[in-house]
Structure formats: structure tokens, C-alpha cells
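In numbering that gives the first Met the number 0, the protein residues as written are 0 to 281.
Reading through the C-alpha cells given below for one structure.
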Amino acid sequence: MGRAGVWVGARNWPADKAEVRDAFAELEGLGYDAAWLGGAEGDLTRPEQILAATTRLTAATGIVNVWTEPADQAAEAFRRVGGSYPDRLLLGVGAGHAKFVERSGQEYHRPYSKVVEYLDQLDTAGVPAAQRAVAALGPRTLRLAGERSLGAHPYLVTPEHTRLARDILGDGPLLAPEQMVILSTDEDEVLRIARPVVALYLGLPNYVNNLRRLGFTDDDLSGSGSRRLVDALVAWGDPDTVARRVAEHHEAGADHVCVQVLTDRPGLPRAEWRALAPVLVP
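Rendered as C-alpha cells:
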């Protein structure tokens, strides 16, 4: 996986396939090692586009939702895409959030058991444990990720969580946390971009419970989050300042950090990827 990759949400995905090809070919040329795809579809359409445009980049899902994307279909897509691009596809799976799952008409209950069941189905379908990862925040799911997959992909976390996760995983399993960043030294701009994003996640109990475990209080977690919370979750400033936060994750035990650039523009943050490359992938 290498030391650094980018994380891209579905809302930023271009409709123009030529733009996708150009963007990820450039990303690979800049030296990044992986592209993580949030809200990934079980048919692996977006990972396949990335792999077709590049020669060595790993495409990873972060995540395929175990409630909405049937395991047999995800496994079939994995065999198809992974067979065409050997050793370059990582199937990240996870339980997602009740708020969104229930909108699809499914009941969200016992999410840990659902992830275990999904991994069992992937085993049966022949998806190797070494080519999948698990979205994990709490201790039990982190242990599951280390035992049943290549490792863990925690989202919306701090370097302190990375330290705790490494202690739970032990040596060996992959630890690939996501880190939000904003390339700006203007505090007003940073807060204007960051607060709506943080507010979205503060409406999801999985993340709120994890942040409580990390010591954040009701005051931190209300509304769009306290300034202390925003600064803890979003690295902002010039490229060197952002790189120091990424380095904190590595020092805490991360093998690979998935950098999610936040902007106030639609589309892929290609200018920011370019600016960060010299300090993240020297």
C-alpha cells in the first residue's frame, strides 16, 4: 500500500471518464500509492476505472456497505476486476450507519454480526482475506479486522485513535486511517469548509461513540462541533503543516494514511494533490 494515498467520496466523482483517467494517471505519477473510494458500489465500477487508468496504483474501497451490497455480487465483481488487475485491488467492507441503511428499507441491527457474516460469505466465495480490509473504530471490530482481513481502515479519527488501534491490532495487520485536510491558512475559510462536514458525521452514532471514547465531551460533539474537535479531526494549513499531522499517524502506528482533501469546489482536488505530493510522497 505504501505510506500515503488519497480518499475520495462519491460526491466528488466526475461524470467524465476522461477526467477520471487523467486525474488518476496524474495521481500515480505524483507518487501516491493508493486511492480509497468512499461509498463504493459493490460492482466496483470506480475502482475498475482507476485501475484501467494506472499501472501500479492500488484501488481500495472505503467502504462497500455490507447491508446494501450483497456479498455474492461484490465477490463476483472482485474476481472480475481483481483478475484483470492482480494484486492492485483491496476490498474494504464495513457496516455503515443505521440512518442510511434503513433508508434502503433494511433493518440495521447487530452490525458486528453482520460484518462477520459478510466476511464468512466472502470466504466462501473465494475472496482472500489478504485482499480485503474492514472499517473499524471500536476494539472488537479492530480485532476482527486484524483476524479476518489485511487490516483496519478507521475513518474520522485522530492520531490518538491510531495509537490505540495499533495496540489492539498488534504488529502485522494493516492500519490505514483516513485523515481530512484543508490546504488553507485562512481560519474563516477552514471553518466554513470543515464545519458542515464535521456536523454531518456528528449525526451518526458510530462516530460520536468513538469520539466519546477518545475523550471528547457533549460540548465538543454538539452542533457542528467545537473548535477543539474540528482541529483534532481536520488538519489544515500549508502542506508542511498537513504533513506533520500525517506523520503523527505514522508515528502512532499507521502503515498508510488515506488523505481526504476537503474543498469548497466540486470535483477532484487535483491542485491540492499536486501541492501535497512533495511532502507526503517524497
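Cβ coordinates follow ideal geometry from the N, Cα and C atoms, glycine included.
For residue i, does the three-state DSSP call read helix, strand or coil?
i      : result
Arg55  : coil
Thr67  : coil
Arg264 : coil
Ala17  : helix
Gly247 : A quick correction: the sequence has Glu, not Gly, at residue 247. It is helical.
Trp6   : strand
Gly150 : strand
Leu213 : coil
Leu173 : strand
Leu43  : coil
Just to confirm my understanding: we take residue i, look at its own chain, exclude 5 residues before and 5 after, and list those with CB closer than 7 Å. What are they?
i      : result
Arg162 : Ala251, Gly252
Gln57  : The question names Gln, but residue 57 in the sequence shown is Thr. Met0, Asp32, Ala33, Arg87, Leu89.
Ala22  : Leu267, Arg269
Name the DSSP beta bridge partners of residue i, please?
i      : result
Leu90  : Arg131
Val180 : Ala234, Val260
Thr60  : Leu36
Alpha helix (DSSP H) containing residue i: first to last residue?
i      : result
Pro138 : 138-147
Glu159 : 158-168
Ser112 : 110-123
Arg194 : 186-200
Arg273 : 269-279
### Inter-stretch contact (C-beta, 8 Å, three-pair minimum) for the region 148-159 and the region 241-258
yes
Check: Just checking, does the region 2-18 make contact with the region 258-268 on the three C-beta pairs under 8 Å criterion?
Finding: yes
request  = Spell out a yes or no on whether the region 102-113 and the region 171-187 are touching, meaning 3 or more CB-CB pairs, one atom from each, closer than 8 Å.
outcome  = no
Discussion item. Does the structure place the region 56-67 close enough to the region 91-110 that three or more beta carbon pairs sit under 8 Å?
Written reply: yes
For the region 129-149 against the region 98-108, do three or more pairs of beta-carbon atoms, one drawn from each stretch, fall closer than 8 Å, so that the two count as touching? no
Can you confirm whether the region 125-142 touches the region 163-172 when touching is taken to mean that 3 or more C-beta pairs between the two stretches lie within less than 8 Å?
yes
Legend entry - Three CB pairs or more closer than 8 Å across the region 120-132 and the region 72-81: yes
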